[in-house]
Amino acid sequence: MRVLVTTASRHGATREIGDVVADVLREAGHDVVVLDPDDVERVDGYDAVVLGSAVYVGRLAAALRELVDRQAEQLAARPVWLFWSGRLGVPAMPVTEPDDVGVVARRVRARDVRAFGGRLQRERLGLAERALAAMIDAEAGDFRDLDEVARWARGVARELEVSRGGRPAAGAPAAAPPARPSDPR
Ligand SMILES: Cc1cc2nc3c(=O)[nH]c(=O)nc-3n(C[C@H](O)[C@H](O)[C@H](O)COP(=O)(O)O)c2cc1C
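Its first residue numbered 207, the sequence shown is counted upward by one per residue in our numbering.
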């Protein structure tokens, strides 16, 4: 299947999560295109879409929200997954989900919404961001778990197999069958 992975990222942490998702979907035999949300005019050339965004001050990135505004109907008409990255520290903070995650998920009828940890490198921040990060007591470090990301992406790949009717793509390794309720995995 032709899959679009489009991730809004300021400092690269969320883009790297999107790259892991794209790699896993490619390994499962899909034709994957990775684009910045600003570069996506239309999504009707894709069978499925994975949307990703960093969260700043309680909001998804404007580029991601604007893409959803432009293509809401077309997104809702195909399988869509949504992830966001942001929480920092141990325990992960903030615990609250950004309000617009639910709004965006409903508009695109997301099949799943997943929160991943974030990464904060103070040296990459501008002055205003540094001041904000200090104000909200954001902890520096890399709190992403890329194995967790790959596991989630394999779940997306399995669901895509089901949408396609369970047939692996020509020349692609067969994906694991979807777990049944009685399956002990
Ligand atoms: C100024 C600032 C504000 C932030 N606000 C939030 C927030 O409200 N919620 C959250 O979960 N993460 C917040 N974060 C953490 C970022 O989302 C996290 O560092 C993310 O991984 C950055 O992704 P990027 O490198 O793709 O831009 C904030 C970070 C900074 C620097």
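Beta carbons are placed, not taken as given, at the ideal position from N, Cα and C, and that holds for glycine.
Rounded straight-line distance, which links the Cα of residue j to that of residue i
i, j, result
"Pro300", "Ser215", "19 Å"
"Leu210", "Gly264", "25 Å"
"Arg313", "Val274", "8 Å"
"Glu365", "Arg221", "23 Å"
"Tyr262", "Asp305", "12 Å"
"Arg161", "Val238", "Lying before the first or after the last residue shown, residue 161 is absent from the chain, which here runs from 207 to 391."
"Gln280", "Arg315", "11 Å"
"Asp253", "Ala340", "42 Å"
"Val208", "Ala234", "Inspection of the sequence shows that residue 208 is occupied by Arg rather than by Val. Computed Cα separation, rounded: 12 Å."
"Ser259", "Ala267", "6 Å"
Ligand 1 heavy atom lying under 7 Å from the CB of residue i
i, result
"Glu329", "no"
"Glu335", "yes"
"Ala359", "no"
"Gly292", "yes"
"Arg271", "no"
"Ser369", "no"
Burial state of residue i, where buried means 16 or more other Cβ atoms lie within 10 Å
i, result
"Ser369", "exposed"
"Ala311", "buried"
Residue i - DSSP class collapsed to helix/strand/coil
i, result
"Arg208", "strand"
"Arg325", "strand"
"Ser215", "coil"
"Arg284", "coil"
"Gly371", "coil"
CA nearest to the CA of residue i, picked from the options
i, options, result
"Val296", "Arg248, Ala228, Arg325, Leu331", "Arg325"
"Ala363", "Leu331, Trp287, Val307", "Trp287"
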